[in-house]
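One structure below.
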Amino acid sequence: MNHAPAVVGSWPAPFVDGIGARRYPVVVECMEGGRACELTRQALEREGVRIASGSPQGAIRVLVGPWQRLRTDSTARLIESGPVESGVFADFEATGDGYEVVALDEGGEVGERLGLGAGLVAATSRYGGPPVWVVTGGTEEAVRAAAEALDGEQLRDHYAVAVEAGKTTPLPLGKP
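Residue numbers (this note's numbering): 15 to 190.
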């Protein structure tokens with residue numbers, strides 16, 4: 015297994031308790047106009063997280079929006095470099111209509127193409143900095159589905175999760 019700089023199964027610990035005995039401000043960066051950003055904020059606030067305003071240095075960032083927009087962020091874009099770089103066992107494949115989520119297996123190989131309607135909740139980091147969480151997918155509906163998965167029941171013990179048609183799939187996919 016490759017390194018995992020951040021995992022979603024720790025929800026909500028990094029936001030509430032900090033990392034390595036250090037607390038970080040939490041920032042939600044919305045890159046879409048739909049309901050997903052509001053759902054993400056609500057999920058964090060239900061856990062007692064105080065969301066910072068502005069862009070405090072060294073914050074845990076939660077990026078919310080379609081992958082086409084999120085991939086412009088250098089840390090989020092690490093996902094496209096594969097699990098060795100990002101620790102995330104998912105990828106995105108460009109289609110004529112946007113980007114579809116591709117679930118990877120434990121070896122980092124394509125396991126299943128989940129399509130434009132699939133959402134993804136994953137976390138990574140760059141240069142050992144605080145984690146950057148992504149709540150994303152190929153469409154606004156997929157992003158909303160990912161935001162709806164922000165709870166301990168669906169994230170517990172997982173590196174990342176894909177959400178498709180109401181079903182949460184832990185990533186990486188198990189080997190057959």
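By construction, the Cβ of each residue, glycine as well, lies at the ideal position given by its N, Cα and C atoms.
Counted as a single uninterrupted DSSP element, the alpha helix (DSSP H) harbouring residue 55 occupies residues 50 to 60. Here the C-alpha atom of residue 129 lies approximately 9 Å from the C-alpha atom of residue 106.
Exposure of residue 141 is indicated by the presence of fewer than 16 other C-beta atoms within 10 angstroms of its C-beta. Residues of the same chain with a CB within less than 7 Å of the CB of residue 82, apart from the 5 flanking positions on each side, are 112 and 113 in chain order. Going by DSSP, residue 157 is part of the alpha helix (DSSP H) stretching over 154 to 162. Annotation: the segment 64 to 142 contains the following complete segments of the alpha helix (DSSP H) (minimum length 4 residues), in chain order: 81 to 84 and 97 to 100.
When secondary structure is reduced to three states using DSSP, residue 28 falls in the helix class. For residue 185, the enclosing beta strand (DSSP E) has its first and last residue at 181 to 185.
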